[in-house]
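Asker: Below is a structure I'd like to ask you about.
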Amino acid sequence: MGQLRSISEFRALYDRLNIVRNRKIPTIIISAGTCGQASGANDLIRIAKREILSRGLANKINLRITGCHGFCEMEPSVLIEPHGIFYPEVGLEDMVRVVDAVSRDAVLEDLPFKDPQTGQPVIKQSDIPFYKKQLRLILSRNEKVDPIRIYNYIENSGYQPLIGILDNGERDWVLSEVKESGLRGRGGAGFPTGLKWEMLAKQNGNAGKYLVCNADEGDPGAYMDRSVLEGNPHSIIEGMLIGAYGTGATEGVIYVRNEYPLAIKHLIIALRQARELGLLGENILGTDFSFDIKIVKGAGAFVCGEETALMRSVEGRVGEPRQRPPYPVEKGINGRPTAINNVETWANIPVIFDMGAEDFAKIGTKNNSGTKIFSLVGKVKYTGLVEVPMGTTIETIVNDIGGGPSGNARIKAVQTGGPSGGCIPSSMFNLPIDYDSLTKVGSIMGSGGMIVMDDNTCMLDIAKYYMNFLKDESCGKCFTCRKGTQRMHEILDDITSGKAGMAHIDLLAELAEVVKDTTMCGLGNTASNPVLSTLKYFRNEYERHIWDQRCDSFVCKEIVGAPCQSACPIGTEAWRYVAHIAHGEYEQAYKVIRETNPFPSVCARVCDHKCESRCKLGTIGMSPVAIRALKRFVTDTIDPMTYKPERMSSNGNGERPIAVIGSGPSGLTAAHYLSLKGYKVTVFESESIPGGMLTCGIPSYRLPRGILDKEIESLVDENVTVQCNTKLGRDITIDELFNQGYKSVFLAMGAHKSRKLNIEGEDIEGVYPAIQFLKDFNLRGEKIAKGRVGVIGGGDSAVDAARVALRQPAVESVTILYRRTRAEMPALATEVDAAIDEGIKLETLVTPLKIRSRKGKLSGVDCLRNKLGEMDASGRRNPVPIPGSEFTAEFDTLVVTIGDVPDIEFIEGMGIEVTEKGTVKYDSETLATSRAGVFAGGDVVTGPNTVVRAIAAGKKAAAMIDRFLHGQELKQPSRAGIPGHYLPPSGLSDEELNEIRRVVPSTVDMRYRTSSFVEVEQTLSQEEAAREARRCLRCDLEFTQPAEDKAEKIGGKVA
Amino acid sequence: MKTDDIAGIVEKHKDDRGGLISILEAVQAKYSYLPENALKLVSEKTGRPLVDIYGVATFYRHFSLKPRGKHLLSCCLGTACHVRNAPSISKEIAKQLGVQPGETTPDKEFTFETVNCLGACALGPIVVVDGHYFSNVRATKVKEILEAARLGLDKGLAKDDSRVFPLDVSCPRCNHSLMDETHYIDGYPSIRITVSFGAMHGWLRLSSLYGRSPATHEHLIPKDTILNFFCPHCHAELNGVSPCSECGAAMVPMMVRGGGIVQICSRRGCKGHVLDLTGVNI
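Chains as they are written, first to last, in my numbering: chain A, 12 to 1066; chain B, 7 to 288.
Next up, the structure:
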C-alpha cells in the first residue's frame, strides 16, 4: 500500500477500485461483529471459504466479512448482494447450501426470515418488518464495507466528503454546514455539534487543540457505538478529519472501552491503513492539513464517559469529574482547547457532507434532525440495533420494528438512557422520541439504550439494579452522590426484601431529589432518575412490595420465597408437599395440602396451577414440575379423614350466625373457615344440590361426582347448614337475613348468566347459552345437543361444553369457533389438546355475524374470517376482519359462551352497589361491599374466574368477617409466605435432571372417552410420583437450609 | 519479575503524557495483574508518587492487584442481561467455582469477574471465558462452560472438523508450489518453507489444513521468536509489511491455488492468520 501524495492520486485510486468493483458478481456478506462472532459467524466464514475454494468459485463469488447488520436476534445472518437476500440464523450446513445457491443465482426457499403472523418467507432484507420501518443512514454502511479494508470504504465513496472539503472547502463552510444540519450530540445531552465546533474553532490553537471521540460506551444496554466502531471505523476517522479541518484541531483521541476488543482491533487496523495511505498524519494528501489520531483505552470506569472525567483519564489520572466552567473547549486535555463528541455523532459527519446539510436537516423533527440509533433489547421479540428518524414513537420501535413482546408476558415499560435515564410506561408509548420529549417525561436519550420490560420485570429491582451500579461507579468526589446512591440502594433493598414501611417511599423520594440537586457532574445529577421515574409511574409496585409483601414479577426473592408457593392464590406450600412425596411421606404431604385448601381433590383435577407456570424449572428452559398431578396422586392415595382441622373458637362466636349466599367453592370455603372459628353458618343455595360451578359447570369426566360430593360433605360439619333451593332475590332478601339474626352476610353466588353475542337470531331454537347447556346436563342429565354442534368461545366453559356435547348420543360433530388464534385461547392448553384429541374441530380467527334459521330452527352461522392486527391493552393482538371472507357454517345445535356475568339484577334494591360490568362493587382488600356487614367474593365480584381464586376469596372473607365481628381493623398488612420448614434435599443430580422428562399422566383410552363420562386423566403411579417429585429444584432450601449444612456444601465443592 | 521489563514498558510510553494507564495495562498484560514491586518500579521510573499510581490502579475496574487465574471468566451484568436473569447465572458460577465475583479459585484455575456491559445485549445473558463469548446462557449451562474452559477453548480444531480444509499454496514471488508431497502432516501434503532466526537457518513444515497448527522444524525454535521466512525455490524473503493483528509481528503471505492469499504470523506460537479470497491487487 503506497502513500498517496495528492488529491488527484486519491481520485485515481478511487477510479481503479471502481473498475474492479464494477464486475457484477454476487457477494456473500457475513455479519461478523461481536454478536455475530458470538453466534458462530466465524465458523460460517470458514465454511464459506472452504466451499468457495474447493468448488473453484473464487472468481464467481465475492465474500465480504462485515460488522454487524443490526438484527442481532437473527445472528449469525448472511446477506446476498445484489438482490438483498437475507438469511437469518444460518447453520454450518445451511452455509454450504447458501454458497451453492449463490453460485446458481438461486434462492433457498426454506431459509429466509418467516413472517411471524403469516408464516410466509420474506426473502429480501428490505421487506422484513424489522428493517422496513427503519432509516439506516449510518448502519446500512456497515453492510457495504469490510472494516479491515480501507479500499472497501473508499470504493463505497468513503473519504469523498473529506476530499471535497480538502479540495475547495472553506473552514467556515464546514462549520456552517454542521450548524445547518442541526446535528445534536448523540452522547445524551444533545448539545448542538456545530456550535461546539465553532467555539473550538475560535480558541487560540497555538499550543494545539484536541478532538476526542468518546467511545466509552459504559451505559449498560447500549452498544450502537461498538457496532459502528467495529463495522465502520473509517467513518469515525473521516468524521474526525472533517472536524479537525473545520476547527483547526491538531490531535485526535479515540477513548474506547477496554470491554470492546474487536472494536479496538479494527480501529488499530483502520488507523494504520489511513496513515499508510496518507490520510492521517502530516500533510494529508500533500496538502498543508495535518492531523493524527491515537487510541486511548478506558480501563473500566463508567464515570469516564463524563467529559471532564474522560479528559483526566486521557491524562493518565484518576477519572474524577471537575467543575465546569472552564468548559473543555476552553481548557481541556492538558489544558488545551478540546471538543468531545460521541461515536455516533462522528459517524453522522460524513453522512451530512455526503447528502448535504439541508437534506439532513429535513430528516426527523424540528430541533431534532437526523436519525438516532437505539439498541432495542430486553423482553422484545426482535432485539437489535434500530436506526429511525428522530421523532419516531416508542410504539413503532417496540411493536412494529421489535415485533412486540418476546414471550407471553405483557410489555410494561421501556427504559431509556441507562443509569441516568428513566422508565417510561407502556401507556405512554405514543411518545415521539427526541431529546426534549424524553427529558419532559423524566428520562433522557442517553446514548440510545432502550430496554424493554414486561410483567416479569420488577420495576423496583430495576431501580435497585441501577442504584447498585451507580453506587459502584460514583467516583466519590461529591458526598451526596457517593452516599446518596448507597442509601437509595439500601432503601430499595429493604423494600424489595420486605423490611420497609410505607414511610420509606417518602424518604426515598426526598433523598432522590437531594442527590439530583446537590451533585456536580452529569452522573450525580441524573442518578436519581431511575428512582424518580419508577416512583412516578410505578408507585403501585412500591406499595405492593411494602404493604402486601408481594412482587408480582416474581423477581424479589426475599419476598417471593418459593415461586410455587407465592404464585398460589391460597399460598399452598407446593415445594413442601412435593418434597414429602419425594421422601415417600404421603400423609404429611396430604396435611400440607389440606392445611391451606379445603378442596384438595377438586384442585388436584381442575386447578389452573399457577404454581407450575412460575416453577423455576420452567424459567430455566425445562418443563416445570407436574405439581397438580402430584397433588392428585396424594389426594387419591390418602384418606381425607386422616386430616383433622384445628378449631380455634373465640368467645361468643357461636352466638353470631353468618349467612353465606352460594355453595360454590368460595361460599363453602368461607363457611368452613368460619366454622373452625366457632361460628354457626347457613349456606343458601339456589339449585337443588350444593357445589355451585363445581357441580353445574365442570363436567364429571374432569371432576367425578363421587369425589366432589365427598369433599363437600367433609366441609359440612356441625356448625354448617346448607339450605338448597333458596335463591337470594327470589326466596330471601338481605334485610330478612339481618332480621333473622344473621350478623354478617357473604355474597358468593358466582356468575351464572351467559352474556349474549348481540347478533341476529340468538333466540332461535337450537341456540343455548353454555351455562344453561351445562346445567341441563350436569344437574338434570338432559342431553339437548344433536347433529352438528357449534360452540362459540375460547374459554374453559367453551371447551367443557364442546366435550360434553361430544359425549351426547345424538351428536355427529363438534366445532369450536374462536375469534383469535389457538395461542390466545384462555382455556387451559391441556384441555384444548384433549378436545382436539377427542375429535373436536377448532376453527380459529372467526367472528360470528348472524345466526341463520330454517323453518324456525337453527341452520347455521354466518361468519367472517379475521387476521391478527395491533396489540390491545391485554397485550394480545386484536382480531381484524378480512373483508370478503364471509362464509356460512352449518349447525343443528349452537352453544354460546363468550363470558358469564352474575345474575344479580335484584341486588341494587338490597342496598348493594354494582359495577358497570355487572359485578358486585367491593373493596378488593377487605371484600367489603357498599352495605355494612355484607361482604362479597369469587366470581360475583370478579366475573368468571378460577376455582382456586374462589377458594382464596372464601378464606379471605372468613378472616374479614371475623375481624368485622370483633370490631378489628379490616385492612392489615400482609406477611410474605416464606418457606420455613426444613426438609432434607431430595433433588436429582444435574445429569439425571437433564434425562428425566416431566411426567405425563396417562389417560383413558379414546374408545371409552367419547362415549362415557369416565374420568379422562388417571392418577400417577407411586414410581412416577416419586420420580417427578425429585425433579423439584427445591427453591425452599435457600431459606430453610441450616447454616452449617450450607457451609459444608460449598466447602465440599471446592475440595 | 525483571526490572528491565518494567523499564522497557515505561520507556515505550515515555513521550505520552497520559501514559500511566497504558503502562499499567502493559504491566497487567505481562503479569496478568499488577504486582506491588512492579508498581514501585513504575513509580521510580516515571517519577510519579506511588500513591498516585496506587490511586489509578484501584480506581479503574480493569486493574487487579491480586494474581489472576489461568482462565478469566466474565459474567455480564448489564441491564439487558439483568432483565434476562443474569444474576442467577452469576450466582450459579459463584456456586460452581466456590468463589465470589472478583476472586480467584484457590487452585488458580479461574478468576471470576462480573462486568457492567459487554455490548452484546441482544444475546444476553452473556458469559465470556478467555475471550470466547457464550450467549443466551442458562444456569444449567454453567457447568458445561466451565468444563469446556478447563479443557481449553483456544485449542485448535480437530483435523476431521468440517471447518478445517486443505489449502494448496505457492510462493507469491516465483509462484512455485510450496507443497511437499513427500511429507504428510494431518494426512495431507505439508507446506515446506525455509526459515531463519538469529544464526539458525533451516526448514519448517506446516500442516496445510487451514485451522490446524501442527508444524515440524529442523531446529528447536523458542516460543515467541519472530522468524524470517524464505521461499525454498527462489529464496526470496516472504515476510510482508502488514503486521499481525494479534501480536504486531510481520505477516507472511502465500498464494492460494483457487484464488486469494493466506497470511500467517511470523511469530512462533502466535495464531494470527488471514485467508483472503478476494485479494484485490491494486
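Idealized CB from N, CA, C, for every residue including glycine. Just so we're clear, the structure is a prediction, and the values are computed from it rather than from any experiment.
1) With a cut-off of 8 Å, do at least 3 Cβ pairs link the stretch 968 to 977 of chain A to the stretch 1028 to 1038 of chain A?
2) Let me see if you follow: with CB-CB separation under 8 Å, is A:I462 close to chain B or not?
3) Mind listing the chain E neighbours of A:Q48? Cutoff is C-beta to C-beta under 8 Å, in chain order.
4) Given that a residue counts as buried once 16 or more other Cβ atoms are within 10 Å of its Cβ, and exposed if not, what is A:C492?
5) With three or more beta-carbon pairs closer than 8 Å as the criterion, would you say the stretch 583 to 603 of chain A touches the stretch 646 to 660 of chain A?
6) Can you tell me whether B:L26 is buried or exposed, with buried defined as 16 or more other CB within 10 angstroms of its CB?
7) Could you tell me which residues DSSP puts in a beta bridge with A:D126?
8) Using a Cβ-Cβ distance under 8 Å, would B:K149 count as near chain A?
9) 8 Å is my cut-off, CB to CB: does A:C83 come that close to chain B?
10) Say whether chain B places a C-beta atom closer than 8 Å to the C-beta of A:A1058.
11) List the whole-angstrom C-beta distance separating A:V156 from A:N167, where the pair is believed to meet the contact cut-off of C-beta under 8 Å.
12) Which residues, taken in chain order from the stretch 24 to 40 of chain B, show a beta carbon closer than 7 Å to some beta carbon of chain A?
13) Determine whether the beta carbon atoms of A:G242 and A:G78 lie at a separation below 8 Å.
14) Taking only three categories from DSSP, how would you classify A:K308?
15) Counting pairs of beta carbons, one from the stretch 180 to 188 of chain B and one from the stretch 231 to 244 of chain B, are three or more of them closer than 8 Å?
16) Within 8 Å (strictly less), CB to CB, does A:E1049 reach chain B?
17) Compare the C-alpha of A:G811 against each of A:A821, A:V822, A:V843, A:E823 and name the closest.
18) Taking A:L817 as the reference, give the member of A:K276, A:M836, A:A845, A:L282 with the closest Cα.
19) Does the separation of the CB atoms of A:V907 and A:V778 fall below 8 Å?
20) Among residues of its own chain, excluding the 5 on either side of A:D914, which ones have a beta-carbon nearer than 8 Å to its beta-carbon?
21) Which value, in whole angstroms, describes the spacing of the CA atoms of A:I265 and A:C224?
22) Which residues in chain A have a C-beta closer than 8 Å to the C-beta of B:F171? List them in chain order.
23) With 8 Å as the limit, tell me which residues of the stretch 1032 to 1044 of chain A have their beta carbon closer than that to any beta carbon of chain B; keep them in chain order.
24) Check whether chain A comes within 8 Å of B:C81, counting only Cβ atoms and requiring the distance to be less than that.
25) Is the beta carbon of A:K308 less than 8 Å from the beta carbon of A:V267?
26) Starting from the C-beta of B:T9, find all residues in its chain whose C-beta is less than 7 Å away, skip the five residues before and the five after it, and write them out in chain order.
27) Provide the residue(s) that pair with B:L212 in DSSP beta bridges, ordered along the chain.
28) From the DSSP output, in three-state form, read off A:N1005 for me.
29) Under the DSSP definition of a beta bridge, which residues are partnered with A:S380?
30) Excluding five sequence neighbours on each side, which residues of the same chain lie with their C-beta closer than 6 Å to the C-beta of A:I502?
31) In or out: A:P172 buried (at least 16 other Cβ within 10 Å) or exposed?
32) Where do the N-terminal and C-terminal ends of the beta strand (DSSP E) with A:P890 fall, by residue?
33) Looking only at its own chain, which residues have a Cβ that is under 8 Å from the Cβ of A:M1017, when we skip the five neighbours before and after it?
34) Quick test of your reading: A:L148 and A:V362, contact by CB under 8 Å. State the CB separation rounded to the nearest angstrom.
35) Quick check on B:F118 - is its C-beta less than 8 Å from some C-beta in chain A?
36) Can you name the start and end residues of the alpha helix (DSSP H) that A:A852 belongs to?
Answerer: Looking at the atomic coordinates:
1) no
2) yes
3) Considering every chain present, this structure includes no chain E. Its protein chains are A and B.
4) buried
5) Output reads yes: the stretch 646 to 660 of chain A touches the stretch 583 to 603 of chain A.
6) buried
7) The bridge partners DSSP lists for A:D126 come to none.
8) yes
9) Nearest CB-CB separation between A:C83 and chain B: below the 8 Å threshold.
10) In this predicted model, A:A1058 has a pLDDT of only 45, less than 50, meaning its place in the structure is not dependable enough to derive any value.
11) With a contact defined as Cβ atoms closer than 8 Å, A:V156 and A:N167 qualify at about 6 Å.
12) G24, G25, L26, I27, E31
13) yes
14) The DSSP-derived three-state label of A:K308 is strand.
15) yes
16) no
17) Residue 811 of chain A is actually Asp in this sequence, not Gly. Selected option, being the one with the closest Cα: A:V843.
18) A:A845
19) yes
20) Excluding positions up to five away in sequence, the list reads M760, A762, H763, K764.
21) Computed Cα separation, rounded: 5 Å.
22) Neighbours of B:F171 across chain A, judged by C-beta separation under 8 Å: R57, K60, R61, L64, S65.
23) Legend: CB atoms of the stretch 1032 to 1044 of chain A lying less than 8 Å from CB atoms of chain B are not found in any residue.
24) Interface with chain A (8 Å Cβ-Cβ cutoff): B:C81 is excluded.
25) yes
26) L47
27) Looking at the DSSP assignment, B:L212 forms a beta bridge with B:I197, B:A221.
28) In the structure shown, A:N1005 sits in a helix (DSSP, three-state: H, G or I).
29) DSSP lists A:G375 as the beta-bridge partner residues of A:S380.
30) H515, L519
31) The Cβ neighbour count for A:P172, taken over all protein chains shown within 10 Å, is at least 16; the residue is labelled buried.
32) 888 to 892
33) D848, E849
34) 5 Å
35) no
36) Residue identity differs from the one stated: residue 852 of chain A is Lys in this sequence, not Ala. First-last for A:K852: 852 to 854, but that is the beta strand (DSSP E), not the alpha helix (DSSP H).
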